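A.B. asks:
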Amino acid sequence: MNARETSRVTRLRAAGPGATAKARVKRYALLVCAFALGVIGLLAVVAPTPAQALTVSSTTARPNEDGGDHVIGGLPTRLTWEGRVEAGEELESITLTMPEGGTFEGSSTRVTVLDGLNRQDVAAVATPDGTTLAIVFDEPIPEDSLVRLEVTGVAFPNADGDYVIEGTYENQLGEQVLPSSPAISVIANTPVQGLVNWLDQQPWVEAWNSNPFLSMFFKPQILVSSFAALFPGWLVCLAIVLVAYPFAILFGLCFAFMKMSRFIVVRAIAVTYINILRGTPLFLQIYIAFFGLPMLGIQINVYILGCAVMAINSSAYLAEIFRAGIQSIPVGQYEAAASLGMGHMRTMISIILPQTVRRVLPTVTSDFITSYKDTSLLSSVGVMELMMYAKNMTAITGNITPYMTAAIFYLIVTLPLIKAITVVERRIARSESGQGPRPKGGELTEEDLQLDLAQDALAQAAHAEADEPAALEPAYLPLAREGA
Amino acid sequence: MARRRHAQPHFDVPPALPADEAASLAYEHDKDLSTHAFKEGEHPLVRIEHLNKTFDDNQVLKDVNLNVWREEIVVVLGPSGSGKSTMLRCINMLETPTAGHILIEDDEITGTTKANLNEHRKRIGMVFQNFNLFPHLSAKENVMVGQTKVLKRSKAEAEAEAVKQLTAVGLADRMDFMPSQLSGGQQQRVAIARAVAMHPDVILFDEPTSALDPELVRGVLDVMRDLALNSGMTMIVVTHEMGFARDVADRVVFMEGGVVVEEGTPEQVFDHPQNERTRAFLGNITD
Amino acid sequence: MKWFATEEAGVKKPSHLLLTLLCSLLAVCCVAVLAGCGGQTAEPAADETATEEPASDVVDIETVSDGKLIVQSDLAYAPMESVPEGKTAEDAEGFEVDLVQAIADKLGLTVEWQQVQFDTIIPAVKQGGTVDLGASSFTITDERLEEIDFSEPYMDSNQAIVMQKSAASSIPGFDVSQDVAGTERLDAVKAALDVEGTKVAVQSGTTGEAWSQENLTKAETVPLADVIQCLTGLQSGLYNAVIADYPVMAYYCQESYTDLEVVAAIPTGEQYGIVVSKDNPGLKQAIDKALAELEEDGTIAQLQEKWFGQAS
Numbered sequence: 002m003n004a005r006e007t008s009r010v011t012r013l014r015a016a017g018p019g020a021t022a023k024a025r026v027k028r029y030a031l032l033v034c035a036f037a038l039g040v041i042g043l044l045a046v047v048a049p050t051p052a053q054a055l056t057v058s059s060t061t062a063r064p065n066e067d068g069g070d071h072v073i074g075g076l077p078t079r080l081t082w083e084g085r086v087e088a089g090e091e092l093e094s095i096t097l098t099m100p101e102g103g104t105f106e107g108s109s110t111r112v113t114v115l116d117g118l119n120r121q122d123v124a125a126v127a128t129p130d131g132t133t134l135a136i137v138f139d140e141p142i143p144e145d146s147l148v149r150l151e152v153t154g155v156a157f158p159n160a161d162g163d164y165v166i167e168g169t170y171e172n173q174l175g176e177q178v179l180p181s182s183p184a185i186s187v188i189a190n191t192p193v194q195g196l197v198n199w200l201d202q203q204p205w206v207e208a209w210n211s212n213p214f215l216s217m218f219f220k221p222q223i224l225v226s227s228f229a230a231l232f233p234g235w236l237v238c239l240a241i242v243l244v245a246y247p248f249a250i251l252f253g254l255c256f257a258f259m260k261m262s263r264f265i266v267v268r269a270i271a272v273t274y275i276n277i278l279r280g281t282p283l284f285l286q287i288y289i290a291f292f293g294l295p296m297l298g299i300q301i302n303v304y305i306l307g308c309a310v311m312a313i314n315s316s317a318y319l320a321e322i323f324r325a326g327i328q329s330i331p332v333g334q335y336e337a338a339a340s341l342g343m344g345h346m347r348t349m350i351s352i353i354l355p356q357t358v359r360r361v362l363p364t365v366t367s368d369f370i371t372s373y374k375d376t377s378l379l380s381s382v383g384v385m386e387l388m389m390y391a392k393n394m395t396a397i398t399g400n401i402t403p404y405m406t407a408a409i410f411y412l413i414v415t416l417p418l419i420k421a422i423t424v425v426e427r428r429i430a431r432s433e434s435g436q437g438p439r440p441k442g443g444e445l446t447e448e449d450l451q452l453d454l455a456q457d458a459l460a461q462a463a464h465a466e467a468d469e470p471a472a473l474e475p476a477y478l479p480l481a482r483e484g485a
Numbered sequence: 111m112a113r114r115r116h117a118q119p120h121f122d123v124p125p126a127l128p129a130d131e132a133a134s135l136a137y138e139h140d141k142d143l144s145t146h147a148f149k150e151g152e153h154p155l156v157r158i159e160h161l162n163k164t165f166d167d168n169q170v171l172k173d174v175n176l177n178v179w180r181e182e183i184v185v186v187l188g189p190s191g192s193g194k195s196t197m198l199r200c201i202n203m204l205e206t207p208t209a210g211h212i213l214i215e216d217d218e219i220t221g222t223t224k225a226n227l228n229e230h231r232k233r234i235g236m237v238f239q240n241f242n243l244f245p246h247l248s249a250k251e252n253v254m255v256g257q258t259k260v261l262k263r264s265k266a267e268a269e270a271e272a273v274k275q276l277t278a279v280g281l282a283d284r285m286d287f288m289p290s291q292l293s294g295g296q297q298q299r300v301a302i303a304r305a306v307a308m309h310p311d312v313i314l315f316d317e318p319t320s321a322l323d324p325e326l327v328r329g330v331l332d333v334m335r336d337l338a339l340n341s342g343m344t345m346i347v348v349t350h351e352m353g354f355a356r357d358v359a360d361r362v363v364f365m366e367g368g369v370v371v372e373e374g375t376p377e378q379v380f381d382h383p384q385n386e387r388t389r390a391f392l393g394n395i396t397d
Numbered sequence: 007m008k009w010f011a012t013e014e015a016g017v018k019k020p021s022h023l024l025l026t027l028l029c030s031l032l033a034v035c036c037v038a039v040l041a042g043c044g045g046q047t048a049e050p051a052a053d054e055t056a057t058e059e060p061a062s063d064v065v066d067i068e069t070v071s072d073g074k075l076i077v078q079s080d081l082a083y084a085p086m087e088s089v090p091e092g093k094t095a096e097d098a099e100g101f102e103v104d105l106v107q108a109i110a111d112k113l114g115l116t117v118e119w120q121q122v123q124f125d126t127i128i129p130a131v132k133q134g135g136t137v138d139l140g141a142s143s144f145t146i147t148d149e150r151l152e153e154i155d156f157s158e159p160y161m162d163s164n165q166a167i168v169m170q171k172s173a174a175s176s177i178p179g180f181d182v183s184q185d186v187a188g189t190e191r192l193d194a195v196k197a198a199l200d201v202e203g204t205k206v207a208v209q210s211g212t213t214g215e216a217w218s219q220e221n222l223t224k225a226e227t228v229p230l231a232d233v234i235q236c237l238t239g240l241q242s243g244l245y246n247a248v249i250a251d252y253p254v255m256a257y258y259c260q261e262s263y264t265d266l267e268v269v270a271a272i273p274t275g276e277q278y279g280i281v282v283s284k285d286n287p288g289l290k291q292a293i294d295k296a297l298a299e300l301e302e303d304g305t306i307a308q309l310q311e312k313w314f315g316q317a318s
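This is the structure in structure tokens:
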């Protein structure tokens with residue numbers, strides 16, 4: 002009765018793909034009812050004859066979404082089924098049944114029998130046949146053993162739903178109904194996975210992958226799936242550095258001013274801060290922050306802590322960049338501001354800092370790029386960023402392609418920035434060469450000169466109109482230059 | 111920026127004179143030395159009394175005394191190293207005098223607080239040898255920044271003033287240019303407009319044409335001349351331009367070795383120099 | 007600021023940039039492919055001439071470097087394999103280190119240990135050319151068998167869940183007097199861990215990681231480079247539990263991390279094997295033969311006695 006009940010449920014489940022949300026709600030209601038019935042039924046069956054029931058202790062499926070944690074229907078996954086042989090039983094064979102639409106076809110099965118933690122030497126033959134998998138043991142499995150089946154290469158039905166594995170088994174008394182397994186959540190195929198499957202069938206992909214180097218570093222299928230899978234990691238990287246950097250700039254500016262302070266104590270604090278942070282590897286700082294702080298009882302969200310470490314580390318470098326930038330502004334700028342009656346703060350805000358920003362922007366951008374890349378170090382302490390995703394995917398697929406994808410994700414940000422730096426540097430070089438006192442006779446092109454003289458003539462004409470014309474005429478050529 | 115500390119030599123200078131007494135003494139002293147028509151009983155705009163300045167062991171100003179009257183054009187001449195630029199920079203305290211007094215309209219600015227100093231500096235314009243325009247601001251913004259940030263004028267008001275002053279220096283069509291896009295002469299004219307737009311009581315010119323190519327000097331001098339003749343601005347000009355001094359100055363001051371050697375009307379100094387060193391300096395140049 | 011606005015001109019053409027990037031990538035590939043092809047055609051040709059002569063019953067062992075087995079391992083998995091404090095990979099020690107040495111002795115080869123990240127070992131062996139074996143307590147799984155070959159199993163193992171002693175005692179239904187391998191304990195710990203907000207540290211690419219992902223679906227599985235990182239993080243409170251191989255966890259909890267304990271064993275009955283490239287069946291055969299002999303003559307039992315204090 003129990004088996005019939007649940008198999009109806011699974012069939013309904015399998016009808017999934019085109020179903021509306023309403024129908025889905027209905028189905029969930031049905032599922033719940035059916036489960037309740039199933040559990041009652043199970044209890045009814047089990048209770049009177051406890052000696053003759055194999056218990057299913059756990060059934061799980063390995064996530065087969067590349068870089069994700071879902072089990073996708075229609076694609077190969079690994080089913081792990083565990084059952085315990087109850088007292089008085091001797092298990093001879095098991096037949097597992099997949100819900101309609103799923104398949105055991107082409108799977109391989111690893112059978113492990115354990116007594117406690119000790120592995121028993123048991124041989125078994127597994128025969129997959131469509132939706133069923135028959136496992137026959139060479140010798141009966143004694144009571145209290147744990148039977149563990151790892152079936153690699155099975156596929157669940159290609160539709161959303163919670164599926165249960167059921168089936169039959171044989172003990173010394175003959176065939177028995179196997180209790181249903183706990184439900185396994187399966188999602189329908191994703192577009193990305195669809196594209197991967199399509200790629201799987203392309204001859205050019207096969208040709209490409211036949212080259213060991215190309216298939217190891219640039220396997221098209223993994224390239225596609227890793228782009229989708231690594232994307233959240235990339236967002237985390239960007240988020241960390243974008244949150245951290247404004248703080249880094251703020252702290253950097255503070256420490257830059259502190260280092261230029263008149264007071265030796267303030268200077269000493271800034272110098273210590275800057276030197277310690279610049280003098281130790283970021284990796285070490287991350288370790289101290291992530292392992293040290295919790296030991297002191299300070300629990301901080303890892304993402305916030307990651308941002309904090311990145312900000313603090315960068316601030317030390319930025320402090321030096323800003324200090325050098327501020328000190329590179331010629332003293333004449335301070336004097337010009339002072340001659341207009343500007344106070345120190347006003348001079349800094351209106352005159353010095355805007356010029357400093359121009360000058361340090363290329364260096365700051367370089368530092369930004371470094372910081373962005375250095376977020377990868379956070380993967381070592383379990384922050385789920387780009388490298389972490391890439392590493393996990395490489396671990397699962399045994400392929401280097403996810404790292405290549407990560408490289409592309411880094412380059413998407415860094416290449417335009419590097420280009421921007423070059424442009425900015427060229428611009429600054431050009432504008433600075435036209436600044437300040439001109440060396441006599443140098444720099445000025447013929448064209449500039451013509452322009453200038455024309456300007457001067459214009460100005461003179463304008464004055465001449467306003468003034469008495471005669472008064473302007475006397476030539477006062479510079480005597481000093483005439484003599485020279 | 112920290113300069114090595116040297117034992118500062120000590121100067122005994124008397125306190126600044128009371129205003130009325132100083133005014134009458136100054137009038138007596140200056141009345142025949144300037145073509146500017148100042149009246150008895152008027153107070154000088156700038157008073158420099160017993161000004162001394164040392165850099166490390168080197169005394170560059172030795173007990174300099176000078177009065178500048180409202181609307182007077184004073185040109186300071188002298189060989190390089192004579193201390194004339196230092197004197198000028200002491201007037202708005204870009205250099206701190208070692209001893210002595212600087213008074214603007216009888217307010218002593220030596221030894222005041224920083225806030226007070228900035229109040230005084232608003233009233234003293236300055237034009238630098240190297241222009242010192244703000245490279246991140248356009249010509250117009252250079253002229254506006256002091257007005258809006260220091261004088262707290264409205265943006266519209268400051269802009270109108272900037273347009274007016276830039277037009278006056280002949281840069282009406284260069285308002286939105288960045289300093290790097292302007293020639294040296296144009297930059298210096300922007301710097302003059304920047305100083306004038308603050309409506310100061312006095313403008314200090316620190317060798318405004320020395321860094322310019324010879325061809326560009328005239329345009330700048332024209333602007334200064336226009337300012338001197340038509341605006342009624344008080345000007346103290348440190349320069350090597352003898353022609354300008356002779357034409358425009360009410361009074362010429364000749365400095366050498368940190369002291370005022372000779373002062374008088376351009377006619378007195380150029381045509382009848384009393385002092386041997388003045389004669390030598392002018393002779394060297396005009397020959 | 008005017009100056010910022012004008013910058014955009016330089017960054018405006020991302021399509022152009024991307025094109026350049028793709029072109030250069032392609033160029034790199036081509037070069038690499040050419041180099042790869044060249045290498046491949048050259049190698050077998052040299053082998054043919056070399057291998058034709060010797061007698062066929064002596065198994066011809068090809069290694070990356072003549073007379074030497076280059077073995078990669080993470081060497082952070084005591085007592086299986088580890089590097090003693092202040093030493094380098096050369097001085098690696100442990101059950102598997104001794105075992106590989108014994109195998110190498112049988113084959114007349116010397117051993118060079120390379121310390122690398124666990125999850126890079128299988129790709130490296132598969133890729134070939136730099137390393138002969140992976141020996142880092144690899145569980146034999148069918149997925150891994152698709153990529154590489156394993157030697158015959160040399161040891162059985164299980165998984166363990168490690169927690170802070172203080173945290174373990176507060177698990178509802180947890181009773182220290184119960185058998186560590188019992189279902190009651192495992193169920194209690196599983197129920198306590200499989201909730202939102204729980205963090206379980208595992209070594210990336212291990213069977214422990216897979217178990218956590220499959221069985222603790224509500225908890226966050228955090229994959230790290232090695233188990234030392236996992237245990238340090240657990241100790242400092244960064245994670246709620248660590249899942250890794252039972253013998254190793256039991257060793258660490260007893261020797262170094264005394265404030266941690268194995269709260270439950272997960273019976274998986276998995277078996278360790280040595281990773282060999284599918285392209286080198288001769289080496290696999292030789293190792294299997296050596297392993298059988300070592301089993302026969304009691305060497306493996308001796309080593310188990312030495313490193314685990316018991317023969318299994």
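Protein chains in written order, with the numbering used here: chain R, 2 to 485; chain Y, 111 to 397; chain X, 7 to 318.
From the three backbone atoms N, C-alpha and C, an ideal C-beta is built for every residue, glycine too.
In this text the structure is predicted, and so the values were computed from the model without any measurement.
Looking only at its chain, what residues have a beta carbon closer than 6 Å to the beta carbon of R/Ala430, apart from the 5 residues adjacent to it on each side?
C.D. replies: Counted from its first residue, the first sequence places residue 430 of chain R at position 429. Excluding sequence neighbours, R/Ala430 sits near nothing in its chain.
A.B. asks: What does the Cβ neighbour count give for Y/Asn246, buried or exposed, with the cut at 16 atoms within 10 Å?
C.D. replies: Counted from its first residue, the second sequence places residue 246 of chain Y at position 136. Contrary to the premise, residue 246 of chain Y reads as His rather than Asn in this sequence. With 16 or more Cβ atoms within 10 Å of its Cβ, Y/His246 is classed as buried.
A.B. asks: Any idea what DSSP makes of R/Glu151, helix, strand or coil?
C.D. replies: Walking along the first sequence from the start, residue 151 of chain R turns up at place 150. Here R/Glu151 sits in strand by DSSP.
A.B. asks: Determine the DSSP secondary structure at R/Ile422, reduced to helix, strand or coil.
C.D. replies: Taking the first sequence and counting its residues from 1, one reaches residue 422 of chain R at position 421. DSSP places R/Ile422 in helix when its eight states are reduced to three.
A.B. asks: Leaving out five residues before and five after R/Gly307 in sequence, what residues of the same chain have Cβ atoms less than 6 Å from its Cβ?
C.D. replies: The residue you call residue 307 of chain R lines up with position 306 of the first sequence. Answer for R/Gly307: Ile241, Leu379 and Val384, listed in chain order.
A.B. asks: By the three-class DSSP mapping on this structure, what secondary structure does Y/Arg263 have?
C.D. replies: Residue numbering aside, residue 263 of chain Y sits at position 153 when the second sequence is read from its first letter. Looking at Y/Arg263 - three-state DSSP - the assignment turns out to be coil, as it is neither helix nor strand.
A.B. asks: Please confirm whether X/Glu99 has its beta-carbon closer than 9 Å to some beta-carbon of chain R.
C.D. replies: Locating residue 99 of chain X in the third sequence gives position 93, counting from the first residue. No, X/Glu99 does not count as interfacial toward chain R.
A.B. asks: CA-CA distance, Y/Phe121 and R/Thr281?
C.D. replies: Within the second sequence, numbered from 1, the residue matching residue 121 of chain Y stands at position 11. Within the first sequence, numbered from 1, the residue matching residue 281 of chain R stands at position 280. Rounded to whole angstroms, Y/Phe121 to R/Thr281 spans 53 Å at the Cα level.
A.B. asks: Interface residues of chain R around X/Lys132 at Cβ under 7 Å?
C.D. replies: To locate residue 132 of chain X, count along the third sequence from 1; it is residue 126. Per Cβ cutoff of 7 Å: Gly399.
A.B. asks: R/Ile185 and R/Asp163: beta carbons closer than 9 Å?
C.D. replies: Here residue 185 of chain R is taken as the residue at index 184 of the first sequence, counted from 1. Here residue 163 of chain R is taken as the residue at index 162 of the first sequence, counted from 1. Contact flag set, yes.
A.B. asks: Since Y/Val348 and Y/Val300 are thought to touch, with beta carbons under 8 Å apart, how far apart are those beta carbons, to the nearest angstrom?
C.D. replies: Position 238 of the second sequence, counted from the first residue, corresponds to residue 348 of chain Y. Position 190 of the second sequence, counted from the first residue, corresponds to residue 300 of chain Y. With 8 Å as the limit, Y/Val348 and Y/Val300 do not qualify as a contact, their Cβ atoms being about 20 Å apart.
A.B. asks: In chain order, what residues of the same chain lie with their CB nearer than 8 Å to the CB of Y/Asp336, ignoring the 5 residues before and after it?
C.D. replies: Along the second sequence, one-based indexing puts residue 336 of chain Y at 226. Cβ neighbours of Y/Asp336 beyond the five flanking positions: Ala278.
A.B. asks: Let me make sure I understand the geometry here. Which of R/Phe258, R/Leu283, R/Glu426 and R/Gly89 has the alpha-carbon closest to that of R/Val272?
C.D. replies: Here residue 272 of chain R refers to the residue found at position 271 when the first sequence is read from its first residue. Measuring from the Cα of R/Val272, the nearest candidate turns out to be R/Phe258.
A.B. asks: Assuming R/Met217 is part of the alpha helix (DSSP H), what are its boundary residues?
C.D. replies: Here residue 217 of chain R corresponds to residue number 216 of the first sequence, with the count starting at 1. Segment Pro213 to Phe218, the alpha helix (DSSP H) holding R/Met217.
A.B. asks: Nearest-angstrom Cα distance between R/Ser315 and R/Leu243?
C.D. replies: As a working note, residue 315 of chain R is residue 314 in the first sequence. As a working note, residue 243 of chain R is residue 242 in the first sequence. When rounded, the distance between both Cα atoms is 12 Å.
A.B. asks: Would a C-beta distance cut-off of 9 Å place R/Ala337 and R/Ala309 closer than the cut-off?
C.D. replies: Within the first sequence, numbered from 1, the residue matching residue 337 of chain R stands at position 336. Within the first sequence, numbered from 1, the residue matching residue 309 of chain R stands at position 308. Result no, Cβ atoms of R/Ala337 and R/Ala309 do not sit closer than 9 Å.
A.B. asks: To which residues does DSSP link X/Lys205 through a beta bridge?
C.D. replies: Indexing the third sequence from 1 puts residue 205 of chain X at position 199. X/Glu226.
A.B. asks: Please go through the segment 241-309 of chain X and give each complete beta strand (DSSP E) segment of 3 or more residues, from N-terminal end onward.
C.D. replies: List check, beta strand (DSSP E) in window: 247-251 and 266-282.
A.B. asks: Is there a C-beta anywhere in chain X that falls below 9 Å from the one on R/Leu118?
C.D. replies: On the first sequence, position 117 is the one that residue 118 of chain R refers to. At least one chain X Cβ lies under 9 Å of R/Leu118.
A.B. asks: Here's the rule I'm using: 16 or more other beta-carbon atoms within 10 Å means buried, otherwise exposed. How should Y/Asn168 be labelled?
C.D. replies: For the purposes of this step, residue 168 of chain Y is taken as the residue at position 58 of the second sequence. Counting Cβ neighbours within 10 Å, Y/Asn168 comes out exposed, since fewer than 16 surround it.
A.B. asks: Measuring only from the beta carbon, is Y/Met352 closer than 8 Å to any heavy atom that is part of the ligand SAH?
C.D. replies: No copy of the ligand SAH occurs in the structure displayed, which carries no ligand at all.
A.B. asks: Where Y/Pro125 and Y/His211 are concerned, what is the direct C-alpha to C-alpha distance, given to the nearest angstrom?
C.D. replies: For the purposes of this step, residue 125 of chain Y is taken as residue 15 along the second sequence, with counting starting at 1. For the purposes of this step, residue 211 of chain Y is taken as residue 101 along the second sequence, with counting starting at 1. Whole-angstrom Cα-Cα distance: 8 Å.
A.B. asks: Does DSSP put Y/Glu148 in a helix, in a strand, or in coil?
C.D. replies: As a working note, residue 148 of chain Y is residue 38 in the second sequence. Checking the sequence, you will find Phe at residue 148 of chain Y rather than Glu. Reduced to three states, the DSSP call for Y/Phe148 is coil.
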